[in-house]
Amino acid sequence: MTLTASKQSPRVAVAGGGLMGRLLAWRLALRGLDITLFEAGSLERPGGACWTAAGMISPLSELVHSERSVYELGLRSLVLWREWSGCLQLLCGSPVGFRQAGSVLVAHGRDRSELLHFQRELQAKLDAGELGQVRAVAATELYELEPALAGFEQGLFLAPEGDIDNRRLLPVLLEVLRRLRVSLREECPVACEPFTIFEGDRRQEFELVVDCRGLGARDRVPGLRGVRGEVLVVETAEVQLRRPVRLLHPRYQLYAVPRENGQTVIGATEIESEDMSPTSLRSCMELSSALYSLNPAFAEARILETRVNCRPATMDNLPVVEGEPGLVSVNGLYRHGYLLAPALAERVEQLAMRQVQLLA
108 MTLTASKQSP RVAVAGGGLM GRLLAWRLAL RGLDITLFEA GSLERPGGAC WTAAGMISPL
168 SELVHSERSV YELGLRSLVL WREWSGCLQL LCGSPVGFRQ AGSVLVAHGR DRSELLHFQR
228 ELQAKLDAGE LGQVRAVAAT ELYELEPALA GFEQGLFLAP EGDIDNRRLL PVLLEVLRRL
288 RVSLREECPV ACEPFTIFEG DRRQEFELVV DCRGLGARDR VPGLRGVRGE VLVVETAEVQ
348 LRRPVRLLHP RYQLYAVPRE NGQTVIGATE IESEDMSPTS LRSCMELSSA LYSLNPAFAE
408 ARILETRVNC RPATMDNLPV VEGEPGLVSV NGLYRHGYLL APALAERVEQ LAMRQVQLLA
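Note that the numbering used here has the sequence shown beginning at 108, numbered continuously upward.
Here it is as structure tokens:
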């Protein structure tokens with residue numbers, strides 16, 4: 108059932124209209140709260156990492172280089188994405204492009220040790236009952252999973268993993284917020300304090316402020332930094348991947364995520380820099396050559412778009428969820444935005460509702 112806020116509903120400000128802000132505005136509006144969403148830039152075409160990302164939901168792939176807490180949050184997010192994607196489609200009538208078909212990892216023969224090392228590292232971090240999520244596949248089964256990878260002799264199949272099309276999801280969330288009569292304020296940078304939003308010299312009072320500003324929240328998150336990422340979007344009818352594919356290499360891990368209309372989002376770069384200048388020639392060459400090595404037919408793909416953005420990260424690359432009277436904040440999702448957002452949104456929703464109920 109769709110709920111709308113009444114005049115007596117507690118007024119809640121959500122600062123930041125990226126993925127997390129939209130999810131929280133939606134979830135809290137469904138609770139019958141009077142929500143105002145503030146976004147420093149455009150809501151139609153967000154400027155943050157949520158618009159740039161490939162939308163991978165890969166708890167197993169990330170476990171090798173992350174804390175187990177990231178993996179556990181990612182598993183919860185997969186459950187929520189399945190549920191929430193269906194809810195959003197019912198509310199809006201448009202699918203959000205969620206897919207849970209697993210992911211495939213491969214390496215060229217000379218880099219086969221990278222694949223073996225990845226498998227050992229991953230299995231060492233999993234409990235005995237979780238090992239079945241990772242399966243080594245030989246050439247025949249690999250071909251059945253991904254015919255476009257015919258040149259590889261072995262790989263790993265991570266069955267639970269998924270992805271979501273961010274360029275479909277974010278507009279759907281925005282439309283749902285409009286239907287729920289959320290007050291939308293774009294091109295409106297704000298500062299956050301307990302119970303208070305500052306829009307320039309204008310002070311606005313709320314029963315609760317939820318801070319999802321990402322890098323805009325440096326004033327409240329010590330040590331917050333940006334980590335640059337670069338991706339390419341290519342188009343070809345010659346190669347049809349069925350699911351996200353990762354190519355393991357001693358210097359980088361390329362990911363290729365198939366989208367509709369023959370498009371593929373590819374990336375690998377992670378640079379300790381907040382430089383927002385266009386994609387470098389070196390990155391384009393490395394990404395393109397790695398993609399070509401997946402399947403030579405990618406040579407005729409057309410580059411449709413290059414994307415650059417900075418992900419908000421804490422000093423330990425772990426997310427932060429904090430609450431105090433009148434203010435709840437979430438930040439530092441790093442490269443794990445779509446992996447962690449639903450699980451963290453669930454936590455923030457619970458914190459927010461406790462505060463609102465205490466005021467009742």
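We put the CB at the ideal spot given by N, CA and C, even for glycine.
Nothing here was measured: the structure is a model prediction, and the numbers come from that model.
- Message: If distances are taken between C-alpha atoms only, which option among Cys299, Leu458, Glu253, Trp158 comes closest to Ala363?
- Response: On the sequence shown, residue 363 is found 256 positions in, with the first residue counted as 1. Ala363 has its Cα closest to that of Glu253, out of Cys299, Leu458, Glu253, Trp158.
- Message: Taking the alpha-carbon of Val203 as reference, which of Leu195, Gly209, Ser210 has the nearest alpha-carbon?
- Response: For the purposes of this step, residue 203 is taken as residue 96 along the sequence shown, with counting starting at 1. Nearest option by C-alpha distance: Leu195.
- What do you reckon, are the CB atoms on Cys299 and Glu146 nearer than 8 Å? Along the sequence shown, read from residue 1 onward, the residue named residue 299 stands at position 192. Along the sequence shown, read from residue 1 onward, the residue named residue 146 stands at position 39. No, the Cβ-Cβ distance between Cys299 and Glu146 is not below 8 Å.
- Message: Going by DSSP in three states, Gln370 sits in which element: helix, strand or coil?
- Response: Here residue 370 refers to the residue found at position 263 of the sequence shown. DSSP places Gln370 in strand when its eight states are reduced to three.
- Query: Mapping DSSP to helix, strand and coil, what is Ser113?
  - Reply: Your numbering for residue 113 matches position 6 in the sequence shown. Per-residue confidence for Ser113 stands at a pLDDT of 48, beneath the threshold of 50, marking its modelled position as unreliable; no derived number is given.
- Reduced DSSP category for Pro153 - H, G, I as helix; E, B as strand; rest coil: Within the sequence shown, the letter at position 46 stands for residue 153. The answer is coil: DSSP assigns Pro153 none of H, G, I, E or B.
- Query: Excluding the five sequence neighbours on either side, which residues of its own chain have a C-beta within less than 7 Å of the C-beta of Arg134, listed in chain order?
  - Reply: As a first step, residue 134 must be located in the sequence shown, where it is residue number 27. So the list reads Ala452, Glu456, once near-sequence residues are dropped.
- Quick one: what's Asn416 bridged to in DSSP? Residue mapping note: residue 416 aligns to position 309 of the sequence shown, counting from 1. Its beta-bridge partners are Gly336.
- Message: Spatial neighbours of Leu411 within its chain, please: C-beta separation below 6 Å, excluding the five flanking residues on both sides.
- Response: On the sequence shown, position 304 is the one that residue 411 refers to. Once the five neighbours on either side are set aside, the close Cβ partners of Leu411 are Val340, Glu342.
- Length of the line joining the Cα atoms of Ile373 and Gln115: Counting from 1 along the sequence shown, the entry for residue 373 is found at position 266. Counting from 1 along the sequence shown, the entry for residue 115 is found at position 8. Answer to the nearest angstrom: the Cα atoms are 48 Å apart.
- Message: On a Cα-Cα basis, can you pick out the residue from Val415, Arg353, Met422, Gly369 that is closest to Met163?
- Response: Taking the first residue of the sequence shown as 1, we reach residue 163 at position 56. Ranking Val415, Arg353, Met422, Gly369 by Cα distance to Met163 puts Arg353 first.
- Task: Could you work out which residue in Ala450, Arg442, Phe405, Gly433 is closest to Leu465 when comparing CA atoms only?
- Result: In the sequence shown, counting from the first residue as 1, residue 465 sits at position 358. Here the closest residue by C-alpha is Gly433.
- Task: Would you tell me roughly how many angstroms separate the C-alpha atoms of Cys319 and Glu248, rounded to the nearest one?
- Result: For the purposes of this step, residue 319 is identified with residue 212 of the sequence shown, where counting begins at 1. For the purposes of this step, residue 248 is identified with residue 141 of the sequence shown, where counting begins at 1. Spanning the two alpha carbons is a distance of roughly 43 Å.
- What whole-angstrom Cβ distance do Glu268 and Ser210 have, given they're in contact under 8 Å? If you number the sequence shown from 1, residue 268 lands on position 161. If you number the sequence shown from 1, residue 210 lands on position 103. Confirmed, about 4 Å.
- Are the stretch 317 to 336 and the stretch 225 to 239 touching, with three or more C-beta to C-beta distances below 8 Å? no
- Query: According to the neighbour-count rule (16 or more other Cβ atoms, all chains shown, within 10 Å of its Cβ), is Gly461 buried or exposed?
  - Reply: Within the sequence shown, residue 461 is the residue found at index 354, counting from 1. Looking at the sequence shown, residue 461 is not Gly but Arg. So Arg461 counts as exposed.
- Pull up the CB-CB distance for Glu377 and Gly336, whole angstroms please, since I reckon it's below 8 Å. On the sequence shown, residue 377 is found 270 positions in, with the first residue counted as 1. On the sequence shown, residue 336 is found 229 positions in, with the first residue counted as 1. With a Cβ gap of about 6 Å, Glu377 and Gly336 count as contacting.
- Message: Considering only the alpha carbon of each residue, which of Ala397, Gln207, Phe264, Gly216 lies closest to Gly239?
- Response: Locating residue 239 in the sequence shown gives position 132, counting from the first residue. Closest by alpha carbon: Phe264.
- Once you ignore the five residues that flank Glu221 on each side, which residues in its own chain have a CB closer than 6 Å to its CB? Along the sequence shown, one-based indexing puts residue 221 at 114. Closer than 6 Å at Cβ, skipping near neighbours: Ala214, Leu355.
- Item | Status (buried if at least 16 other CB within 10 Å, exposed otherwise) for Ala120 | Sequence index remark: in the sequence shown, residue 120 carries index 13 (1-based). Per the 10 Å Cβ criterion, buried.
- Simplified DSSP assignment, three categories, for Glu294: Within the sequence shown, residue 294 is the residue found at index 187, counting from 1. Here Glu294 sits in coil by DSSP.
- With 16 other Cβ atoms within 10 Å as the buried cut-off, status of Leu361: Reading the sequence shown from its first residue, position 254 is the one you call residue 361. Result: buried.
- With a CB to CB cut of under 8 Å and the five nearest residues on each side skipped, what residues in its chain are close to Met108? Within the sequence shown, numbered from 1, the residue matching residue 108 stands at position 1. For Met108, the pLDDT reaches just 37, beneath the cut-off of 50, and the residue's location in the model is therefore unreliable, although a value from the coordinates is still provided. Hits under 8 Å: none found.
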